[in-house]
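Visitor: Numbered as in UniProt numbering, the sequence shown ends at 423 without a single skipped number.
A virtual CB, placed ideally from N, CA and C, is assigned to each residue, including glycine.
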Amino acid sequence: MASEKVETVVAGNYVEMEREEGNLKFTKGRLSRLFWHGGSVYDACVLYVEYRTRKERQKVDFRNHVIQWFEVLDGLLGKHWRNIGLFFNCTFLLFGSVIQLIACASNIYYINDNLDKRTWTYIFGACCATTVFIPSFHNYRIWSFLGLLMTTYTAWYLTIASLLHGQIEGVKHSGPSSMVLYFTGATNILYTFGGHAVTVEIMHAMWKPQKFKMIYLFATVYVLTLTLPSASAVYWAYGDLLLTHSNALSLLPKTRFRDTAVVLMLIHQFITFGFACTPLYFVWEKFIRVHNTKSLFKRALARLPVVIPIWFLAIIFPFFGPINSTVGSLLVSFTVYIIPALAHMITFAPAPARENAVERPPSFLGGWAGHYCVNVFVVGWVLIVGFGFGGWASMINFVHQIDSFGLFTKCYQCPTSPPAHKA
1 MASEKVETVV
11 AGNYVEMERE
21 EGNLKFTKGR
31 LSRLFWHGGS
41 VYDACVLYVE
51 YRTRKERQKV
61 DFRNHVIQWF
71 EVLDGLLGKH
81 WRNIGLFFNC
91 TFLLFGSVIQ
101 LIACASNIYY
111 INDNLDKRTW
121 TYIFGACCAT
131 TVFIPSFHNY
141 RIWSFLGLLM
151 TTYTAWYLTI
161 ASLLHGQIEG
171 VKHSGPSSMV
181 LYFTGATNIL
191 YTFGGHAVTV
201 EIMHAMWKPQ
211 KFKMIYLFAT
221 VYVLTLTLPS
231 ASAVYWAYGD
241 LLLTHSNALS
251 LLPKTRFRDT
261 AVVLMLIHQF
271 ITFGFACTPL
281 YFVWEKFIRV
291 HNTKSLFKRA
301 LARLPVVIPI
311 WFLAIIFPFF
321 GPINSTVGSL
331 LVSFTVYIIP
341 ALAHMITFAP
351 APARENAVER
361 PPSFLGGWAG
371 HYCVNVFVVG
381 WVLIVGFGFG
391 GWASMINFVH
401 QIDSFGLFTK
411 CYQCPTSPPA
421 HKA
């Protein structure tokens with residue numbers, strides 16, 4: 001009961017909690033605002049706190065209710081924004097879950113190739129369906145920490161193993177040889193940094209959501225220390241082979257260290273599947289009106305229909321890699337970047353809204369005018385480069401995969417005859 005009370009009042013007392021943190025918290029807040037000011041993470045955080053504070057001043061109780069992004073849009077901007085946010089967010093999370101399921105099958109194949117990737121997708125689809133029994137993001141706390149350790153091992157394994165292996169004979173580093181390859185890579189970067197589509201749900205799971213911006217900043221910096229060395233080392237060692245091998249683990253020699261990395265990534269992807277799918281569970285529960293029930297079994301049973309289309313789509317489109325760039329350009333562009341930035345600008349367009357805002361942009365970055373300028377740039381750049389050129393390139397690449405391998409392909413990018421590595 002104590003924890004429930006804390007969760008209920010946390011955002012309602014947001015301003016008071018900020019004051020109680022003292023000068024150290026003020027310095028950290030300035031640092032986090034410096035990096036996230038005008039960014040979609042910052043916008044989503046501010047809108048969440050604004051929405052929840054307004055609601056709790058109206059004595060709304062969120063004790064048995066998980067706030068979601070579409071509800072924030074509904075409360076601040078109305079039903080049309082709610083519907084747009086709901087469509088893009090749910091579609092992105094649906095395909096985000098599909099990608100994790102595809103990744104599970106792709107990884108386990110390199111430990112046990114007695115079964116094809118499609119069969120492994122059937123198996124891991126059943127395994128991932130057990131996430132229906134995990135009630136909320138509160139229950140992922142220890143798992144998310146363990147997942148961080150797992151990705152740390154895998155990233156440094158890729159780095160060290162690639163450097164020890166050295167460059168393959170005749171390695172080529174041609175870079176993007178066409179506009180399609182260039183923008184396909186660019187949209188993969190959009191997808192990589194698009195994990196904050198569940199910002200609202202994660203903030204709601206925190207006892208002190210005002211700390212989210214600083215924590216997310218540290219997390220992003222830490223992730224860069226994992227991705228940049230590993231990506232650079234693997235590309236240095238294998239070069240253009242990565243164009244036909246979407247899973248870098250398939251290029252490294254089979255050792256106990258590689259098998260350990262594969263197993264750890266499987267567990268991590270199971271956790272990530274839960275992260276992506278849990279908001280979909282919440283939406284479905286609210287739609288069929290079982291979200292507020294205290295029966296874990298009833299909620300788990302109600303969630304099962306959400307897993308079925310994810311399972312089916314992973315079997316139809318097992319294109320590990322190309323599907324990431326497609327989702328990044330068509331869905332992440334709007335869900336993670338464009339909609340939060342536009343929503344923030346429109347919410348605080350009226351002067352009274354800016355005057356009464358729970359959290360205001362820092363003056364040393366230009367205040368409201370500076371914030372609006374950055375948001376306009378984010379919307380314009382992502383719309384043109386991410387959705388426009390990126391969508392064009394990723395769709396061409398995606399259609400090429402369908403033409404080359406077909407739908408329901410049994411084993412995507414499997415070697416035709418070991419140990420040769422052919423697409």
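Counting only runs that start and end within the region 104-143, where is the alpha helix (DSSP H) found for 4 or more residues in a row?
Guide: The qualifying runs are 117-128.
Visitor: Spatial neighbours of glycine 38 within its chain, please: C-beta separation below 6 Å, excluding the five flanking residues on both sides.
Guide: Note on glycine 38: pLDDT 42, under 50, position unreliable in the model; the coordinate value appears next. If we look at glycine 38 and ignore the five residues flanking it on each side, its Cβ neighbours are His371, Val374, Asn375.
Visitor: Which value, in whole angstroms, describes the spacing of the CA atoms of glycine 366 and threonine 121?
Guide: Near 50 Å, if we compare the C-alpha coordinates of threonine 121 and glycine 366.
Visitor: Helix, strand or coil: how does DSSP classify proline 66 here?
Guide: A quick correction: the sequence has valine, not proline, at residue 66. The answer is coil: DSSP assigns valine 66 none of H, G, I, E or B.
Visitor: Which same chain residues, not among the five before or five after valine 306, have their C-beta less than 7 Å away from its C-beta?
Guide: Result list for valine 306: Cys277, Leu280, Tyr281, Trp284, in chain order.
Visitor: Tell me whether the region 71-86 and the region 289-302 touch, counting them as touching only if at least three CB pairs, one residue from each stretch, are closer than 8 Å.
Guide: No, they do not touch.
Visitor: For the alpha helix (DSSP H) containing tryptophan 284, name the first residue and the last one.
Guide: Tryptophan 284 -> alpha helix (DSSP H) spans 256-287.
Visitor: Kindly confirm or deny that the region 302-321 and the region 123-138 touch, where touching means at least three C-beta pairs closer than 8 Å.
Guide: At 8 Å Cβ cutoff, the stretches touch.
Visitor: Report back the beta-carbon spacing between tryptophan 81 and isoleucine 271 to the nearest angstrom; my notes put them in contact at under 8 Å.
Guide: 31 Å between Cβ atoms; not a contact.
Visitor: Within 10 Å of its beta-carbon, does phenylalanine 145 have 16 or more other beta-carbons around it, so buried, or fewer, so exposed?
Guide: Exposed: under 16 other Cβ atoms inside 10 Å.
Visitor: Relative to the C-alpha of alanine 44, which residue among Phe334, Ala126, Gly125 is closest?
Guide: Per the Cα distances, Phe334.
Visitor: Taking its Cβ as the centre, do 16 or more other Cβ atoms sit within 10 Å of alanine 161, making it buried, or is it exposed?
Guide: Counting Cβ neighbours within 10 Å, alanine 161 comes out buried, since at least 16 surround it.
Visitor: Closest by CA to phenylalanine 137, which one among Thr225, Thr220, Phe275?
Guide: Closest option to phenylalanine 137, Cα to Cα, is Phe275.
Visitor: Give me the Cα-Cα distance between aspartate 240 and alanine 155, rounded to the nearest whole angstrom.
Guide: The alpha-carbon atoms of aspartate 240 and alanine 155 are separated by roughly 20 Å.
Visitor: How about leucine 190 and glycine 328: are their beta carbons less than 8 Å apart?
Guide: A contact, by the Cβ cut-off of 8 Å.
Visitor: If you follow the alpha helix (DSSP H) that alanine 231 is part of, which residue opens it and which one closes it?
Guide: It spans 212-238 - the alpha helix (DSSP H) in which alanine 231 sits, taken as one unbroken run.
Visitor: With 16 as the cutoff for other CB atoms within 10 Å, does glutamine 58 come out buried or exposed?
Guide: When all chains shown are included, glutamine 58 counts as exposed.
Visitor: Does arginine 52 come out as helix, strand or coil in the three-state DSSP assignment?
Guide: It is helical.
Visitor: Say whether the region 217-228 touches the region 379-398, bearing in mind that this needs 3 or more beta-carbon pairs closer than 8 Å, one atom from each stretch.
Guide: Flag = no, the region 217-228 and the region 379-398 do not touch.
Visitor: On a CA-only basis, which of Lys213, Thr119, Lys298 is nearest phenylalanine 408? Give me that one, please.
Guide: With distances taken between Cα atoms, phenylalanine 408 lies closest to Thr119.
Visitor: Going by DSSP in three states, serine 97 sits in which element: helix, strand or coil?
Guide: Three-state result, serine 97: helix.
Visitor: Is there contact between the region 394-406 and the region 199-213, where contact requires at least three CB pairs shorter than 8 Å?
Guide: No: fewer than three Cβ pairs fall under 8 Å.
Visitor: Contact check, methionine 265 vs methionine 179 under 8 Å by CB: the rounded distance?
Guide: Not confirmed; about 32 Å, so no contact.
Visitor: Could you give the C-beta distance for proline 318 and lysine 117, rounded to a whole number, given that I count them as a contact under 8 Å?
Guide: 6 Å between Cβ atoms; contact.
Visitor: When you compare the CB positions of asparagine 247 and serine 325, do they come within less than 8 Å of one another, or not?
Guide: Against a cut-off of 8 Å, the Cβ pair of serine 325 and asparagine 247 comes out as no contact.
Visitor: Mapping the DSSP letters down to three states, classify arginine 360 as helix, strand or coil.
Guide: Coil at arginine 360, not helix or strand.
Visitor: Between the alpha carbons of isoleucine 84 and isoleucine 315, how many angstroms are there, rounded?
Guide: Using only the alpha carbons, I get a separation of about 28 Å.
Visitor: Less than 8 Å between the C-beta atoms of residue 458 and alanine 261, yes or no?
Guide: The structure shown does not extend to residue 458, since the chain is modelled only from 1 through 423, so no value can be given for it.
Visitor: Would you mind listing the alpha helix (DSSP H) stretches within the region 323-408 that are 4+ residues and don't spill past its ends, in chain order?
Guide: Counting only runs of 4 or more, we get 339-347, 351-355, 367-381, 390-405.
Visitor: Does the region 346-366 come close enough to the region 99-110 to have 3 or more Cβ pairs within less than 8 Å?
Guide: Counting Cβ pairs under 8 Å, fewer than three are found: no touch.
Visitor: Whole angstroms is fine: what's the gap from leucine 31's alpha carbon to alanine 302's?
Guide: Its pLDDT being 46, under 50, leucine 31 is placed unreliably by the model, and nothing is read from it.
Visitor: With distances taken between CB atoms, is the gap from histidine 268 to glycine 147 smaller than 8 Å?
Guide: Yes, the pair counts as a contact, with Cβ atoms nearer than the cut-off.
Visitor: Using alpha carbons as the reference points, say which of Trp311, His344, Thr199, Ala353 lies closest to valine 66.
Guide: Nearest option by C-alpha distance: Thr199.
Visitor: Could you compute how far the alpha carbon of phenylalanine 35 sits from the alpha carbon of proline 322?
Guide: Note that phenylalanine 35 scores 46 on pLDDT, short of 50, meaning its location in the model is unreliable; the coordinates nonetheless yield the value given after this. Distance between the alpha carbons of phenylalanine 35 and proline 322: 30 Å.
Visitor: Locate the alpha helix (DSSP H) running through valine 307, then write down its first and last residues.
Guide: Its alpha helix (DSSP H) spans residues 296-316.
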